[in-house]
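Residue 131 in the numbering used here sits at position 129 of the sequence shown, with consecutive numbering throughout.
All remarks here apply to the structure that follows.
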Amino acid sequence: MEDKTLNWLRILSIILIAFNLFWLVEDLIFIFTPWEFYLPQISAFATIVTIYWIGFSSLKQPTIFQEEQIETEIIEEKELTKIEIDIFQIVEESMKAGALYKNKNLNLSDLALHLNKNEKILSRIINTATKDNFYHYINSYRIRFFKQLLEEKQKNHLTLFGLAQECGFNTKSTFYTAFKKAEDCTPNEWLQKISPNNGIRTSKRPYKHF
């Protein structure tokens, strides 16, 4: 961190020391002089000016608050090591073979515990490997499974959202947003694309809409 970033903090420390000395002198003068009536006003005014200066200086120096964010971004952009690639392969195998994405309450902490891996390291590996975050990664598996069930005409008695719940989605809004992100269309529009005209479905369309 550059020296100028902390310069205003040094000045603040000096001001606080000066205030303490001022208040000490104020207490002494308060006892022996009629200036006692003006000193509280002077002290209050100086305090207000200092508070405004602190706020203004902190806004001009965002480096302190952004340092952690910048460091995180740099870490996430780093390429994966051979060991990290192997860890991601384990994640992929767990998703495919174990179908962990079907768990509606699955979160990063659960996955890290299941794989016996560090949560922060696992998050960075997924972010770097997929160029996306954990929840988008999990939802991509759910969308693929949803499409598979539709194309194989499984669980025809369910509504589209009922089918989405079977794939691990918890809410309609999350499902709709994830599907739109993956396919650039709504679930109903995608269902139209795989209609009997495309030779994928039978003439009967059993799936109900939302």
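Cβ atoms here follow ideal geometry from the backbone N, Cα and C, with glycine treated the same way.
What are the residues that DSSP puts in a beta bridge with residue i?
i: Thr176; result: Thr176 is not bridged to any residue.
i: Thr188; result: Bridge partners of Thr188: none, in fact.
Could you give the DSSP three-state label for residue i: helix, strand or coil?
i: Thr130; result: helix
i: Lys106; result: coil
i: Ile196; result: coil
i: Asn118; result: coil
i: Gly100; result: helix
i: Glu81; result: coil
i: Asn135; result: coil
i: Ile66; result: Its pLDDT being 47, under 50, Ile66 is placed unreliably in this model, and the coordinates cannot settle the point.
i: Lys155; result: coil
i: Phe171; result: coil
One question on the structure: do residue i and residue j come within less than 8 angstroms of each other, judged by their Cβ atoms?
i: Leu82; j: Ile127; result: yes
i: Pro189; j: Leu151; result: no
i: Tyr137; j: Met97; result: no
i: Phe177; j: Ala184; result: no
i: Leu108; j: Ile87; result: no
i: Asn135; j: Asn129; result: yes
With 16 as the cutoff for other CB atoms within 10 Å, does residue i come out buried or exposed?
i: Ile145; result: buried
i: Phe171; result: buried
i: Ala99; result: exposed
i: Ala20; result: exposed
i: Leu113; result: buried
i: Lys195; result: exposed
i: Thr74; result: Residue placement at Thr74 cannot be trusted, given a pLDDT of 44 that sits under 50; the coordinates are not used to answer.
i: Cys169; result: buried
i: Phe67; result: Note that Phe67 scores a pLDDT of 46, beneath 50, so its modelled location is shaky and nothing firm can be said.
i: Thr65; result: Summary for Thr65: the model assigns pLDDT 47, below 50, so the residue's position carries little reliability; its value from the coordinates is reported in the next sentence. Looking at its Cβ environment, which holds fewer than 16 other Cβ atoms inside 10 Å, Thr65 is exposed.
i: Ile13; result: exposed
i: Ile85; result: exposed
i: Ile89; result: buried
### Query
Are at least three pairs of beta-carbons, each pair with one atom in the segment 84–94 and one in the segment 123–137, less than 8 angstroms apart?
yes
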